[in-house]
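Trainee: Take a look at the following structure, please.
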Ligand SMILES: NC(=O)c1ccc[n+]([C@@H]2O[C@H](COP(=O)([O-])OP(=O)(O)OC[C@H]3O[C@@H](n4cnc5c(N)ncnc54)[C@H](O)[C@@H]3O)[C@@H](O)[C@H]2O)c1
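Numbering (my numbering), first residue to last: 565 to 810.
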């Protein structure tokens, strides 16, 4: 049985991943902030362990991994937050929280997971980045910068830890009708505008990201490391489609 830890696994994209992994026969550690919500989610989910910790708290992260037992075969660094507002008007707290959750968190979780994976000689880490890390969107503070840095970390970990038996990859979701973006897409106007700008002419679903997770963690992907799979209906490549010709 493969074992996985999904950070931010009690809601949104992480909950979809955790559900699919349990259905595929994994045992899943669901790491999230709120005890009641995480325990309630795990009791519905089945073969899972609630791990209550903030990814940016190194002591809590160590304790959560210890509670899960042997290092997971798969760590998904999925927990992430966004703060909305102009870059120069966001508070220092906004800056720090976004960096701590989106960049320090995956670093701390990977650091602990890698030690166990290295002694076993195998493991896989998936970092959930964003198309914002490829083309920064204005109005969301340091979000894009952290996601871009997270993919750089993916590349670094893949070269340091590849020789020790660990694969490390990123998945960059585009406009997904789930999780943190769901409230945004409840506005029909926004939904229509955004979908019409995507080459595949629709928003993505949580399962589109989960399917990329299942592929990357399969035997079929055993030679893939240090990569970012962009799951975005083509929008990242479409800049010229949006520029007037004359
Ligand atoms: N939904 C999208 O359209 C979209 C697009 C691109 C990238 N992403 C990325 O996908 C990931 C999941 O996002 P989502 O849309 O499911 O968001 P979400 O807000 O629905 O879920 C995030 C989960 O992470 C948890 N979390 C937040 N801070 C944490 C911390 N410090 N420690 C542990 N858990 C913490 C939250 O409690 C929540 O359960 C994020 O990294 C996000 O940046 C999402």
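Backbone N, C-alpha and C fix where the C-beta goes; we use that ideal spot for every residue, glycine too.
1. What does the shell around ligand 1 hold, if a residue joins when its beta-carbon is under 6 Å from any heavy atom?
2. Anyone know if the C-beta pair for residue 638 and residue 781 falls short of 8 Å?
3. Give me the Cα-Cα distance between residue 778 and residue 810, rounded to the nearest whole angstrom.
4. Within 10 angstroms of the Cβ of residue 633, are there 16 or more other Cβ atoms? Answer buried if so, exposed if not.
5. What residue from 775, 691 and 701 has the CA that sits closest to residue 671's CA?
6. Is the Cβ-Cβ distance between residue 695 and residue 772 less than 8 Å?
7. Relative to the alpha-carbon of residue 626, which residue among 600, 644 and 595 has its alpha-carbon at the smallest distance?
8. So, for residue 706: in the same chain, excluding its five sequence neighbours on each side, which residues have a beta-carbon less than 7 Å away from its beta-carbon?
9. Are the CB atoms of residue 725 and residue 785 within a distance shorter than 8 Å?
10. Within this structure, are the beta carbons of residue 792 and residue 734 separated by less than 8 Å?
11. Across which residues does DSSP place residue 647 in a beta bridge pair?
12. For residue 754, which residues of its own chain have a beta-carbon under 7 Å away from its beta-carbon, when the five flanking residues on both sides are left out?
13. Spell out the partners DSSP gives residue 595 in its beta bridges.
14. Considering only the alpha carbon of each residue, which of 578, 727, 801 and 736 lies closest to residue 712?
15. Only counting the same chain, and skipping five residues up and downstream in sequence, which positions put a Cβ closer than 6 Å to that of residue 599?
16. Are residue 665 and residue 612 closer than 8 Å when you measure CB to CB?
Mentor: Straight from the coordinates:
1. The filter returns 571, 572, 574, 575, 576, 577, 578, 595, 596, 597, 618, 619, 620, 642, 643, 644, 645, 665, 669, 692, 694, 737, 740, 742, 743, 744 and 745, in chain order.
2. yes
3. 44 Å
4. Residue 633 is exposed by the Cβ-count criterion.
5. 691
6. no
7. 595
8. Within its own chain, the residues whose Cβ lies closer than 7 Å to the Cβ of residue 706, once the five positions on either side in sequence are excluded, are 659, 662 and 663, listed in chain order.
9. Using a Cβ distance threshold of 8 Å, residue 785 and residue 725 do not count as a contacting pair.
10. Yes; because the gap between Cβ atoms is below 8 Å, this pair is in contact.
11. Answer by DSSP bridge pairing: none, since residue 647 is not bridged.
12. 748
13. 571 and 615
14. 736
15. 616
16. no
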